[in-house]
Structure formats: C-alpha cells, structure tokens
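*Asks:*
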Amino acid sequence: RTLTQDPTPLGHHNVVKYPLPDDIVVERDLPIPTADGTLLRADVYRPRDAADEQWPALVAVTPYGKNAGVDDYPIDFAALAASGTFVGDLELSEATSFEAPDPAYWVPRGYTVVVAVMRGCFASDGRPRLLLGRAAADAAAVIEWTAEQAWCTGKVGLAGASYLATLQWYTAALAPPHLAAIAPWEGIT
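Using this note's numbering, the first residue of the sequence shown is number 3, and each one after it goes up by one.
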C-alpha cells in the first residue's frame, strides 16, 4: 500500500514570527560564573513590574546561541515541508532561541526566562565540552545563580527540547538545591 497523504492532522507548514511585547524587560549578556570560574553569558526576560517583584524562573542552557531567533534556526522549515515533514502551525516570538522556551509566551504568565549559552559557545567563555557531565554542572550553576537574583522567588525550572531536554535529565541528576522542576520536550528516547 502506498501512502499518498500525510497521516497527521497538521499536513501543512506555517511558521509565524511575532515581535517581543514591549512590557518585557530584556537584560543581555549577563555573566554567570561556574564552579571553575568560567563565565557563561545569559539573556534574561522578565515582566516590566515594580523593582521588588519576584517570579519563578525557567532556564534553558543551550549550545545553539541565545540570540538565534526563528530566522537563524539551524533548520530549513521550507525544506522540511518539501520533503513531507510538516511542522503544522508554529507561532514563536522573534526572541525564541532554538529549542528554548518562548519568552513572549512565558513572561506574561508570571515567569522569568533565562537563556544561557554553554561554555565555549557564542558569547560564553571557556572551551566547548560536548560531554553532558560538564554541561550539567554548568547548568546547575545557572540554576543557582538564577535563584539568587532579586527578581527570582528561588524556584527554578528547566525547559527546552531535544539537546536541551537531554541536558535537563543530566542536570536534575545533580540535584541542584533550587531546581523545582524539569520540562524536557522531545528528548532522546
């Protein structure tokens, strides 16, 4: 039998990019020290409210760059669709880093979003490490740094897809004191 139609209900391709809302504060390239003194760089997205407000945080630690918006993703969505792989309807803000949570979705819902770049990648210092052990220790440092910020309640979750999902499991195994939850999407089976 030859399958002539995509069996999924979303047999189409439509990526919509929209601007980050004006009521979101963005802090760029904040330095986060790791245990060995290497500085990682992060962008923080938080609600534009009173200075003494606190929110729980969602953290993503990525090797793909924190400023890679939809147009810079390492995926050619049109080529995927042409090959018969459809993403359906995908709406993301221009601030959504590859495989990371969308700040435009989460910040209005009461969260701060922290997107940090792994060591040796893009703006972060150090040499890249492909093994997840070092990356997990660094992600734990990002969690603890985030929990100590004046805008954070001390509750920190990890979120992200694929590589970012796999890194969450390794990081959770280290039991960072302020890690409250993980949300791995589409991780390695």
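Glycine included, every Cβ here is placed at the ideal spot set by N, Cα and C.
If we call anything under 7 Å between Cβ atoms a contact, is threonine 114 one with alanine 62?
*Replies:* No. Outside cutoff.
*Asks:* So arginine 43 and proline 35 are supposed to be a Cβ contact under 8 Å. How far apart are they, rounded?
*Replies:* In fact, because the Cβ distance is near 11 Å, the residues do not count as touching under 8 Å.
*Asks:* Buried or exposed: arginine 121, going by 16 or more other Cβ atoms within 10 Å of its Cβ?
*Replies:* Answer is buried; the Cβ neighbour count reaches 16.
*Asks:* Counting beta carbon pairs with one atom in the stretch 123-139 and one in the stretch 162-182, are three or more of them shorter than 8 Å?
*Replies:* Output reads yes: the stretch 123-139 touches the stretch 162-182.
*Asks:* Quick test of the definition: if touching needs 3 or more C-beta pairs under 8 Å, does the stretch 102-119 touch the stretch 156-163?
*Replies:* Cβ pair count under 8 Å is three or more, so yes.
*Asks:* For alanine 45, count neighbouring Cβ atoms within 10 angstroms of its own Cβ and tell me buried if that reaches 16, exposed if not.
*Replies:* What sits at residue 45 in the sequence shown is aspartate, not alanine. Per the 10 Å Cβ criterion, buried.
*Asks:* Checking 7 Å against the spacing of the C-beta atoms, do proline 65 and cysteine 123 come in under that value?
*Replies:* Taking 7 Å as the Cβ cut-off, proline 65 and cysteine 123 qualify as a contacting pair.
*Asks:* What is the DSSP secondary structure of aspartate 127, counted as helix, strand or coil?
*Replies:* In the structure shown, aspartate 127 sits in coil (DSSP, three-state: anything other than H, G, I, E or B).
*Asks:* So, for tryptophan 108: in the same chain, excluding its five sequence neighbours on each side, which residues have a beta-carbon less than 7 Å away from its beta-carbon?
*Replies:* Excluding residues within five positions, the ones whose Cβ falls inside 7 Å are Leu60, Val115.
*Asks:* Please work out which residues of its chain come closer than 7 Å, Cβ to Cβ, to alanine 149, disregarding the five sequence neighbours upstream and downstream, and give them in chain order.
*Replies:* The answer, listed in chain order, is Gly156, Val158, His180.
*Asks:* If the criterion is Cβ atoms closer than 7 Å, does the pair valine 28 and tyrosine 47 meet it?
*Replies:* Contact: yes.
*Asks:* I need the boundaries of the beta strand (DSSP E) containing isoleucine 26, first residue and last residue.
*Replies:* Start and end: 26-35.
*Asks:* With H, G and I counted as helix, E and B as strand and the rest as coil, what does DSSP make of leucine 82?
*Replies:* DSSP places leucine 82 in helix when its eight states are reduced to three.
*Asks:* Please name the residue, chosen from Ala142, Gly112, Pro110, that lies closest to alanine 118 on a Cα-to-Cα basis.
*Replies:* Out of Ala142, Gly112, Pro110, Ala142 has the C-alpha closest to the C-alpha of alanine 118.
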